[in-house]
Each structure stands twice: as C-alpha cells, then as structure tokens.
Amino acid sequence: MQQTRAVELGTGLFVFMGILALFFLTTRVSSFDSQVGAEGYELTARFDQVGTLKERAPVSISGVPIGRVTDIEFDSERLEAVVTMRISSRYDRIPEDSDASILTSGILGGQYIGLQPGGSDDYFGDGDEISFTQSAVVLEQLISKYLFSQGSGGE
Amino acid sequence: MFNGALRGLRAIALEVLYNLRGFFGTFGAGQLFFLQILVNLPYALARPRLVVKQVYVAGVQSLVVIMLAGLFVGMVLALQAHNTLSRFGAEDTIGMVAALGLVRELGPVVTALLFAGRAGTALSSEIGLMRATDQLSGMEMMAVDPIKRVVGPRFLGGVIAVPILTVIFSAMGILGAWLEGVVILGVDEGVFWSQMQAQVELREDVMSGVIKSVFFGVAASLLAVFEGYNCVPTAEGVGRATTRAVVHTSLTVLVLNFMLTAWLLGGN
Numbered sequence: 001m002q003q004t005r006a007v008e009l010g011t012g013l014f015v016f017m018g019i020l021a022l023f024f025l026t027t028r029v030s031s032f033d034s035q036v037g038a039e040g041y042e043l044t045a046r047f048d049q050v051g052t053l054k055e056r057a058p059v060s061i062s063g064v065p066i067g068r069v070t071d072i073e074f075d076s077e078r079l080e081a082v083v084t085m086r087i088s089s090r091y092d093r094i095p096e097d098s099d100a101s102i103l104t105s106g107i108l109g110g111q112y113i114g115l116q117p118g119g120s121d122d123y124f125g126d127g128d129e130i131s132f133t134q135s136a137v138v139l140e141q142l143i144s145k146y147l148f149s150q151g152s153g154g155e
Numbered sequence: 156m157f158n159g160a161l162r163g164l165r166a167i168a169l170e171v172l173y174n175l176r177g178f179f180g181t182f183g184a185g186q187l188f189f190l191q192i193l194v195n196l197p198y199a200l201a202r203p204r205l206v207v208k209q210v211y212v213a214g215v216q217s218l219v220v221i222m223l224a225g226l227f228v229g230m231v232l233a234l235q236a237h238n239t240l241s242r243f244g245a246e247d248t249i250g251m252v253a254a255l256g257l258v259r260e261l262g263p264v265v266t267a268l269l270f271a272g273r274a275g276t277a278l279s280s281e282i283g284l285m286r287a288t289d290q291l292s293g294m295e296m297m298a299v300d301p302i303k304r305v306v307g308p309r310f311l312g313g314v315i316a317v318p319i320l321t322v323i324f325s326a327m328g329i330l331g332a333w334l335e336g337v338v339i340l341g342v343d344e345g346v347f348w349s350q351m352q353a354q355v356e357l358r359e360d361v362m363s364g365v366i367k368s369v370f371f372g373v374a375a376s377l378l379a380v381f382e383g384y385n386c387v388p389t390a391e392g393v394g395r396a397t398t399r400a401v402v403h404t405s406l407t408v409l410v411l412n413f414m415l416t417a418w419l420l421g422g423n
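For the protein sequence lines, the chains are S and B, in the order given.
Take the first sequence: its position 81, counted from the start at 1, is 81 in our numbering, and no numbers get skipped.
Converting from the second sequence to our numbering requires adding 155 to each position, the first position being numbered 1.
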C-alpha cells in the first residue's frame, strides 16, 4: 500500500510538471509576460514610426542598457505611437532635454531605444515625456527617398 | 577471393531482404494488434490504478534522462546558433532559433527516440519475458485476457507519458538555451525572450509539437508492446524483440515525423 501511494504521488507530480512546462511554453516562450522589473521610473515618448520595436526591448544611453520598453500603443487622437519605458532608478539624473531615437542593432537584430543626453540641469522624473524624438528608419521609405532625389537631380 | 566477396554480398542482400520482410510484416500485424488494443482499452480505463502504475514506469522513471538530454540539447543549440549568427550580428535571435527548433522538431523527435530506448525496451523485454516464462499463457488459463490486463495499461501509460515528457523536454531545452545564451555568452536577456515571444506562435509551433508527440507516443508504445507480445519465447527471442522494438520505433518515428510535418505545414 505504501508503495502504491508513492507511485500515485510520483505520477501526480509528473503530470503536474508537464502542466507547468506547458504553461511555461505558452506564456513565457510564445507570448508576453508582464513582470518586467517593477522598480525604477516610467517615461513616455511619442514617435511617428516605431518600426519593429517590441515590448521588452532595451533602452540605452551611450550604449549602456538602463531600462526596457514596457508598452507600445497607438494614440488615435494625435495619430502617433506612444512608447512607455521603465528606467532603472539608478539612472535618475538624465537631463530632461535628452532626445530618444529608435535604432537597430546589427542587420537582423532587434530594435532598441537610444537616448542622447541633453544639457539641461533639470532631470526626468516618473511619468515625464521625452519631447525630442526621432522615429525608426523604414528601409522602403529610405530607398524611395533616395530614388526620388536621384530622379529630380537628373532633370 | 572473388567467391568470398560474392558470398559476402549475398549475405548482406539476404539480411536486407529479411529486415524489409520483417518491417512490412510488422506493419500489417501491428495494425491488427493496434485494433485489438483499442477494442480492449475500456477495460484498462476501468482500472486506473494499473494505468497510473504504467505512467509512473514509463514517465517518471524516464524523467531524469529526458530533462538532462533536453538541457544539453538546448545548450548546444544556443552555442551553435550563437557561433553562426554572431557573424551577422544577429546573436539576439538565438532564443528564437533554439525555441523554434526545440518546440517544432527536436522536442518531439528526440523525446520519442529516448523514450524508445529508456521505456520501450523495458516494456518489450518485460512482456517478452512474461511470454517466455509462460506467464501470459498462465493468465489465459485463468481466463484473464493478457491484452486487457498486461498490454492495454502499458500501452496507455506510454501514450500518456510521451506528450508530457515532450513538453518537459522542450521547456528544459529552452532553459538550457537561456543558460548558455544569456548567462554564459552574454546575450541580452530581454531581447532573448522578446525575440522568442515575437516569433514563436502558440498554435502553429507549440501545438504542432504537442500533436506530433501524441502520434509518436502511440507509435512508440504500440511497437514496444507488440514486439514483446509477439516475441519468440526464448532468451534469444526476447533480446531480438527488444532490439527490433528500438529499431522499428526509431525508423517509424523519423518517417512519421516527416509525414506529420508535411501535413502540419501543408495546412497554411
């Protein structure tokens, strides 16, 4: 009897592990998890074009990662993308006239937000908005711009 | 000299023919046996204790092998992907590469092959030994159908265990890829997970792997019990049956994998 109990318990545990693994595969591997570092402060920035920027993409200043993108939404009134990011509280002295641009790491790598420090003595606080932004570069737009400038230059 | 070579060739050809005959013979007889098990499954379901015991034997006792294998397969995937992709500056995508490879292909296939080696052999040699020592005939004498009492629960236990083992294998593999990619090689953790989540689809990738594993579970368990049940009742016969179970299961899983992949991908 004792052994039967152990077998049943082991089997139950085994099935439970399977469910846990499936849960891991569905939530962590194939969709978004919302537990991105609760500490730090939030900043928002508006962009005309975010390209392929994803939630959880890093935010860096001078190449050093200081935070992550937590949310990307479309503001249908101002017709712009609103990117929310959470910056680690260790970096609380970022000038409030810094500008944010969406950059790409490598050819196939993901996109991230790069901050360029400004010269102001006032610093960003929780909930502030970055007013100077530069959108992501979309390859097709770049090519068409180049082609049109070539065409008009030839005439 | 020439004669000797000819005789060698003849032996090889005979062996090939023998194996082919064995394989196709198994194919036909296996289907009949499968129907026989299916008809008698309600009996196994009515005695869940027996099935639970077999899930324990097939699943829990294979757990360590599966978890270790998954961990190292994931680690080597991440290492290889990093080595190649870093030439293009795309090492951020190793999480995605490892996850897709594991969830769609390696998880189901490697788990089924390991299951054939770890649990399938145990099944066929156990049933084979029961046959060789006349335990199965003894049961029949007592009017107990060995298909109901012995084969059914073992088959069902394997069918339940393989998909669970597959999911655990894939999860461990992804943890291994994370360990190698993020902790050892220093890929950014957020990008690792976000690239993975952006590219891995729940229905197309995760579920197609689970569907495959169900088919593999049926194939591996069926072949294991079939070979054991139909073995030649001698010491050598049991050994041969065990070998055949592993060889046939491996081949069947690999062929079935191609057909299932074509079917699952063909839908889009």
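Positions of the beta carbon are idealized from the N, C-alpha and C atoms, including for glycine.
Computed from a predicted structure; not experimentally measured.
**With 16 other Cβ atoms within 10 Å as the buried cut-off, status of ILE315 of chain B** = buried
**Item:** the region 344-359 of chain B: positions lying closer than 7 Å to chain S by Cβ
**Value:** GLY345, VAL346, TRP348, SER349, GLN350, MET351, GLN352, ALA353, VAL355, GLU356 and LEU357
**Message:** Looking at the secondary structure, which residues open and close the alpha helix (DSSP H) in which LEU196 of chain B lies?
**Reply:** LEU196 of chain B -> alpha helix (DSSP H) spans 157-200.
**Item:** chain S contact residues for ALA326 of chain B, given Cβ-Cβ distances below 7 Å
**Value:** ALA21, PHE24 and LEU25
**Prompt:** Where in the region 44-131 of chain S do unbroken runs of the beta strand (DSSP E), each at least 3 residues long, occur, reported from the N-terminal end onward?
**Reply:** 58-61, 64-75, 80-87, 99-104, 111-116 and 128-130
**Item:** Reduced DSSP category for GLU356 of chain B - H, G, I as helix; E, B as strand; rest coil
**Value:** coil
**Request:** Report the three-state DSSP secondary structure of GLU39 of chain S (helix, strand or coil).
**Result:** coil
**Message:** When you compare the CB positions of LYS54 of chain S and ALA353 of chain B, do they come within less than 8 Å of one another, or not?
**Reply:** yes
**Message:** So the candidates are S:GLN141, S:THR11, S:THR4 and S:PHE132; which of them puts its Cα closest to the Cα of TYR211 of chain B?
**Reply:** Out of S:GLN141, S:THR11, S:THR4 and S:PHE132, S:THR11 has the C-alpha closest to the C-alpha of TYR211 of chain B.
**Asked** Along the region 186-216 of chain B, what residues have a CB closer than 8 Å to any CB found in chain S?
**Response** ARG204, VAL207, LYS208, VAL210, TYR211, GLY214 and VAL215
**Prompt:** Apart from the five residues just before and just after GLN191 of chain B, which ones in its own chain have a Cβ nearer than 7 Å to its Cβ?
**Reply:** ILE302
**Message:** Determine whether the beta carbon atoms of PHE270 of chain B and LEU223 of chain B lie at a separation below 8 Å.
**Reply:** no
**Item:** Residues bridged to GLN134 of chain S (per DSSP)
**Value:** S:SER101
**Item:** Within chain S, the residues that VAL361 of chain B reaches when beta carbons sit closer than 9 Å
**Value:** The answer, in chain order, is LEU22, LEU25, THR26, VAL29 and SER30.
**Neighbourhood of ASN117 of chain B by C-beta, 6 Å cutoff - its chain only, sequence neighbours within 5 removed** = Outside the displayed range of chain B (156 to 423) lies residue 117 of chain B, so it cannot be described from this structure.
**Request:** Using a Cβ-Cβ cut-off of 8 Å, state whether ALA57 of chain S counts as contacting chain B.
**Result:** At a cut-off of 8 Å between beta-carbon atoms, ALA57 of chain S makes contact with chain B.
**Request:** Output yes or no for whether 8 Å exceeds the beta carbon distance between THR70 of chain S and ALA100 of chain S.
**Result:** no
**Asked** In terms of residues, what are the limits of the alpha helix (DSSP H) holding SER363 of chain B?
**Response** 363-384
**Extent of the continuous alpha helix (DSSP H) run through SER279 of chain B** = The continuous alpha helix (DSSP H) containing SER279 of chain B extends over residues 276-287.
**Item:** is_contact[GLY114 of chain S, chain B] using C-beta, thresh 8 Å
**Value:** No, its Cβ sits nowhere closer than 8 Å to a Cβ of chain B.
**Asked** Is the number of C-beta pairs between the region 113-130 of chain S and the region 43-57 of chain S that are closer than 8 Å three or more?
**Response** Three or more beta-carbon pairs drawn from the region 113-130 of chain S and the region 43-57 of chain S are found closer than 8 Å, and the two stretches are therefore classed as touching.
**Prompt:** For THR416 of chain B, which of helix, strand or coil comes out of DSSP?
**Reply:** Assignment of THR416 of chain B by DSSP, reduced to helix, strand and coil, places it in the helix class.
**Message:** Please report the distance separating the alpha-carbon of GLY177 of chain B from that of LEU377 of chain B.
**Reply:** Roughly 16 Å separates the two Cα atoms.
**Request:** Please work out which residues of its chain come closer than 6 Å, Cβ to Cβ, to SER309 of chain B, disregarding the five sequence neighbours upstream and downstream, and give them in chain order.
**Result:** Residue 309 of chain B is actually Arg in this sequence, not Ser. Answer for ARG309 of chain B: GLN209, LEU278 and VAL380, listed in chain order.
**Prompt:** According to DSSP, is VAL258 of chain B helix, strand or coil?
**Reply:** helix
**Item:** Buried versus exposed, by CB contacts within 10 Å (16 or more), GLN111 of chain S
**Value:** buried
**Prompt:** Under the three-state reduction of DSSP, which class applies to LEU389 of chain B: helix, strand or coil?
**Reply:** The question names Leu, but residue 389 of chain B is Thr in the sequence shown. In the structure shown, THR389 of chain B adopts coil according to DSSP, grouped into three states.
**Item:** Segment limits, alpha helix (DSSP H) that includes LYS208 of chain B
**Value:** 203-213
**Asked** Under 8 Å between the Cβ atoms of ALA253 of chain B and ALA233 of chain B?
**Response** In this structure, ALA233 of chain B lies closer than 8 Å to ALA253 of chain B by Cβ.
**Request:** Answer yes or no: does any C-beta atom of chain S fall closer than 8 Å to that of ILE302 of chain B?
**Result:** no
**Asked** Does the beta carbon of ALA277 of chain B sit closer than 8 Å to a beta carbon anywhere in chain S?
**Response** no
**Asked** Do the CB positions of ARG56 of chain S and GLY313 of chain B come within less than 8 Å of each other?
**Response** no
**Prompt:** With 8 Å set as the bound, which would you pick, yes or no: does the beta-carbon of GLY110 of chain S sit closer than that to a beta-carbon of chain B?
**Reply:** yes
**Close Cβ partners of THR52 of chain S (< 6 Å) along its chain, the five nearest in sequence each way excluded** = GLN111
**Where TYR384 of chain B falls, given that 16 or more other Cβ within 10 Å makes a residue buried** = It is buried - the Cβ of TYR384 of chain B has at least 16 other Cβ atoms within 10 Å.
**Request:** Would you identify the three-state DSSP class for MET230 of chain B, choosing helix, strand or coil?
**Result:** helix
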